[in-house]
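What follows is one structure encoded as structure tokens, with my remarks underneath.
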Amino acid sequence: MGFFLTILTLVVALGFTWRYLGSYMAAVFDGRVHFLGFIERPIYRMLGTSPEQEQTWKRYAGALIIFSAVSIAFTYVILRIQGSLPLNPQNQGNVGSALSFNTSVSFVTNTNWQNYGGETTMSYFSQIGALTVQQFVSPAVGIAVAIAMVRGFARRNSATIGNFWVDITRCLFYILLPIAFIAGIIFVGDGAVQTLAGTITFHDALNGVIQTIPRGPIGFMEAIKQLGTNGGGFLDQNSATPFENPTGLTNFLSIFLLLCIPFALTYTFGKMVGSVRHGATLLAAMVILFGVWVGFTANAEHQNNPAVAAAHVYSPVGNMEGKEVRFGDTTTALFGVSSTMTSTGSADASYDSFTPIGGLGLMSGMMLGEIAPGGTGSGLYTMLVYAIIAVFIGGLMIGRTPEYLGKKIQAREIKLAGLAALVMPITVLIVTAVAVSLAVGRAGPENLGPHGFSEILYGLTSQGNNNGSAFGGLTGNTPFYNIIGGIDMLLGRFAIMIPVLAIGGSLAAKNVVPESLGTFRTDNGMFVGLVIGVILIIGGLTFFPAISLGPIVEQLSHLRFF
Amino acid sequence: MSTVITEPTHEALRGGVAKARGLFDREILRQAIRDSFRKMDPRVQIKNPVMFIVLVGSVITFIEAIAHPGIFTWSITVWLVLTVLFANFAEAMAEGRGKAQADTLRKMRSETEARRLRPDGTEELVAAALLIMGDLVVCEANDVIPSDGEIIEGIASVDESAITGESAPVIRESGGDRSAVTGGTKVLSDRIVVRITAERGHTFIDRMISLVEGANRQKTPNEIALTILLAVLTIVFIPVVVTLVPFGNFAGASVSVVILVSLLVCLIPTTIGALLSAIGIAGMDRLVQRNVLAMSGRAVEAAGDVQVLLLDKTGTITLGNRMAANFFPVGGHSEQDLADVAQLASLADETPEGRSVVVLAKEQFGIRERQLGTDHVFVPFTAITRMSGLDIGTRQIRKGAADSVKRWVVESGGTAPADLDAIVERTSRAGSTPLVVADGTDILGVIELKDVVKQGIREKFAEMRLMGIRTVMITGDNPLTAAAIAQEAGVDDFLAEATPEAKMALIKKEQEGGRLVAMTGDGTNDAPALAQADVGVAMNTGTTAAKEAGNMVDLDSNPTKLIDIVEIGKQLLITRGSLTTFSIANDVAKYFAIIPALFAGTYVLRHNRPLEALNIMHLHSAQSAVLSAVIFNALVIIALIPLALRGVKFRPTGSASILRRNVWIYGVGGVIVPFIFIKLIDLILVALHAY
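Residue numbers (this note's numbering), protein chains in the order written: chain H, 1 to 562; chain Z, 1001 to 1691.
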């Protein structure tokens, strides 16, 4: 009952933010919100730009690449020299080069894959100045790309798709910072730790040991960690620890925060293109997929783990191994699916201990390309890429040159959409193949057999999709995994963003074909079904062989391999 | 007489270009089979990346079969080669049908000698092939016109059956909109001087030949986009399949190369890849069969996208002429009296309007057509009097424009009945033309001449509306008349008192709004608009300028055909889309056949084959499963050739119902069908003791 109440509350809360946060974001990016003009203007002056100076898609992409490259370099340098920087009460040493590369790429690409334990590796300065900063700007970059693509649909005969600097500035100051501030207060108010005072040590008389308890500026980082679909926690145990996620309320708030912007962006999309119905159509496709995945995974976690059951040990409360008792089996599954179907990757349990099928739920959520609802911005633009492919096939089936929102979908758009859709599966499959082929790669997983395969596949799928959640069990902090993971993340982010921006530019330049009875409807149930079909077929067909050797065979064999 | 080589017999040309052939004409079939092998050349195959991959795959399995001979490896190799052959066959079939038509056309491109006019006015005999643009040639009765041209002098009746299939001769004359002649057609009477407008190799017939043969067929925009999507769906499966080798190794299973190749071939969209060009060629072919020549595939595709149809009123929406529809008596006369006098007035009037008055009187009142006597003098219509009639002795009967007849009556001392003006005005307002009939000084009443809207055209327009196409009637009539006819015909809009400039402006306005516009035209003054329209269909009877400007020519000169063209354009896209969907949907079943087979030996413990659970079709063995999938994959191409050539059934309804239907048939059907047939093929293989 509690689970359904949670779902119900979540639906109401998300419905509210969908409508109001969605239209607010449209107003922000249309330049209709100005109350922080006194902050905006000096920033534009400093950057030598202004909202009137619009960019072509190429300039937009150029600005994005420069910004991201500088971000990676900036983060990398901080990690490399953190030992000499202030705010380091634990005297953490400099981070190694391979790990710094992986980590800086990870946070700039909104992945937040962590090949380190935060409390044992990072200084407060690195956590705040390097990682948390990227947790704010990387979602802003994702949202900016989505908005630029949406402008492609909204505009006609236009050479430009907005100004990158203006978009991320507005996103930061009008959207991410205010919401994260309020959410941070709730986190801290509910017990999440927020201090710069360093660790405390005490003598654990019961066990006769000295315990060191890590602390830090956790609570506010937690807010943007979820809101920006980042997922990288301050502590190694992420949202499973009471310091990050103290109560059922903060657990709920986490789920809500990581879903609110990705869902609401569909409203923003609808509003900006002048048809909220179109936004609702994409929302419907997202909600259906999300709902099915939650149901599937929650159901799997509500069962016994087949490996445990094989030993004739039965749990009356589902698969609780690796889960927090305060969250329970189904709500943890909800958290897990929310985290993996957005690009968050935060965890309030050990995903490695999910049942094989439950783990499949998490992994396959990422394999679909993170579109239901996906990451901040990346969810919407990836969904739009699939929608373009669905429009193309559907449009042909009714005998018209396919058009979406009046924009003709032609060879150039198909080429770019195909590229954007191809990058992720091809990258993930190839890096996984490399990993399982090399001794350094095979050394990574903790387990043998299909579960070991799942651990590698999961890790590289997670990074390729900029998710950042970990199955656990994979020793990632090796030069091999740090580098291959970094490449995986870079391709999974920028090799999709650039074609997406190019689609935006190409669409913006087109005129709009007026709607008629013969127009292929892209705002009804049929289209929802078609989009879902395309997503499932592309995701399913590309990953089916791989997952059949991982979670599927594991579940089917009912055997222990560890 | 200058024809050197035998002319085409009428027999060969009956029905014009569009001699319909059975889908599997034996002669075409035989040629297509030969061509299927000829097309195995890798240089040909590389143009179709999907099938090229199959060819490469068959080479790999062939090498494997030689290295490790076995019935399974050989079977797979043979079926992969067959898959490529079937694809070639589909294309060759489509081309063969076009070639058959081209051959018919070639027969009439006879070697002709032309009578060229020298500047001094004397004639010289030259081979038609040597004519250059601007040459003047003389053609008299029984001469074959040597090349395309424009009559600059004279009038002649011409037999154009060679290109239109219409045996009735047509009149061609200098000046005006009937001045173009086509090379290969024959002058039946009189003498004309023709200025050559096309050189050998570029004449109308030459263009027709290359079009129907698909010789320089260029891919249309949507075809290019679809090819890209198919390439994407091919490229993605290469890493999917290749990475199975390391994945399998990790699981301790060695993966069979032959099965991997089979899996790849089954996953890439071979069905649509094999049929794509056949669909395109067949689409052009369907147009040609309806006697429409499209100058580019792009135009055919654009026809499917058209949102606005500009249709000339006369000949397209209405029958060519106005017809008498009603008699309205005035001044106390009976309707029968009016009909009687009206018929008398029209007896000698040979215009269609005149004939229709005679017919209407006969139909309504049984008044028999009377013979003209010697005292009957026909008074013809002139632009000054604006009336015509008959003088019988001193009796003067007239019919004509209301004000002219009225003036004539008043001048002769009569008066117009009081109710006349009201009836005249009412008739005009209804969009009809009132003809006033007078017998001497007595005005009997009004004949209502009506534009007769073609039968069934209203329903056609309703279908168009359902497809989201707006129909606009173009007419020179005044707005009042135009509105009435527009209403009756059920068009969405009309352009009255249309000038070429107004027509052009309308097209531009629609295009600026993002709409694609189609129109028909035949006159030289239509040429700019035909060029501007996205789909411009020129009538074959039209001027050279019009034909050059348009991107299609209708050999039957039937403007209503524009509607057919739109349907063919749509059908072409629908066929491609549906088969693409079918092709992709098929992959699901193939996975369930091949993946369990591929990894059957993986993680086997105590004879427990975990992945055997995925073998939901319960296929007999790993090898029979893979072979069944490969065989299905090949046979489905053959099975769908008729569909590709004929096109998916098209019903002119709204987009939603078309989509629903096609998603069910080709999407959902595409998922289910292969499950059934792969199982069936497996059962047959087992029954044949192949396994």
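Each residue gets a CB set at the ideal place from its N, CA and C atoms; glycine is no exception. All values derive from a computational prediction rather than experimental measurement.
Short CB-CB distance (under 8 Å) between residue i and chain H
i         : result
Z:Ser1578 : yes
Z:Gly1667 : yes
Z:Pro1610 : yes
Z:Leu1573 : yes
Z:Thr1475 : no
Z:Ala1127 : no
Z:Pro1559 : no
Z:Ile1279 : no
Z:Val1265 : no
Z:Pro1380 : no
Z:Phe1461 : no
Cβ-Cβ separation, residue j to residue i (assumed contact under 8 Å), whole Å
i         : j         : result
H:Gly472  : H:Asp352  : 3 Å
H:Lys271  : H:Ser346  : Not confirmed; about 29 Å, so no contact.
Z:Ile1594 : Z:Val1636 : At roughly 16 Å, the Cβ-Cβ gap does not stay under 8 Å, so Z:Ile1594 and Z:Val1636 are not in contact.
H:Val531  : H:Tyr386  : 6 Å
Z:Ile1155 : Z:Asp1190 : 6 Å
Status (buried if at least 16 other CB within 10 Å, exposed otherwise) for residue i
i         : result
H:Gly365  : buried
H:Leu8    : exposed
H:Tyr314  : exposed
H:Ile103  : The identity of residue 103 of chain H in the sequence shown is Thr, whereas the question assumes Ile. Buried, since its Cβ has 16 or more Cβ neighbours within 10 Å.
H:Gln114  : buried
Z:Phe1072 : buried
Any chain Z beta carbon closer than 8 Å to residue i
i        : result
H:Thr432 : yes
H:Val512 : yes
H:Thr120 : no
H:Leu10  : no
H:Lys415 : yes
H:Arg155 : no
H:Phe471 : no
H:Phe480 : no
H:Arg151 : no
H:Phe562 : Confidence in H:Phe562 is poor, its pLDDT being 35 and thus under 50, which makes the residue's placement too unreliable to answer from.
H:Ser506 : no
Proximal residues to residue i (C-beta, below 6 Å), its chain only, five neighbours per side dropped
i         : result
H:Pro402  : Val391, Phe392, Gly395, Ile409
Z:Ala1629 : Cys1266, Lys1590, Ala1593, Ile1594, Ile1678
H:Phe494  : none
Own chain residues within Cβ distance below 7 Å of residue i, not counting five before or after
i         : result
Z:Phe1365 : Gln1336, Ala1339
H:Tyr458  : Met363, Phe471
Z:Ile1392 : Asp1375, His1376
H:Ala183  : Ala223, Leu227, Leu253, Leu257
Z:Val1686 : His1620, Ser1624
Own chain residues within Cβ distance below 8 Å of residue i, not counting five before or after
i         : result
H:Phe101  : Tyr76, Asn482, Ile483, Gly486
H:Phe594  : Chain H is shown only over 1 to 562; residue 594 of chain H falls outside these bounds and no answer can be derived.
H:Ile210  : Thr201, Phe202, His203, Asp204
Z:Lys1649 : none
Residues bridged to residue i (per DSSP)
i         : result
H:Ser469  : DSSP lists no partner for H:Ser469.
H:Lys408  : H:Glu403
Z:Thr1182 : Note: Z:Thr1182 sits in no beta bridge, so no partner.
Z:Cys1139 : Z:Ile1192
Z:Leu1117 : Z:Glu1123
H:Leu474  : H:Pro445
Z:Gln1396 : Z:Asp1391
H:Lys323  : H:Ala349
Z:Leu1310 : Z:Val1472, Z:Met1519
Contacts of residue i in chain B (Cβ-Cβ under 7 Å)
i        : result
H:Ile398 : The question asks about chain B, but that chain is absent: this structure's protein chains are H and Z.
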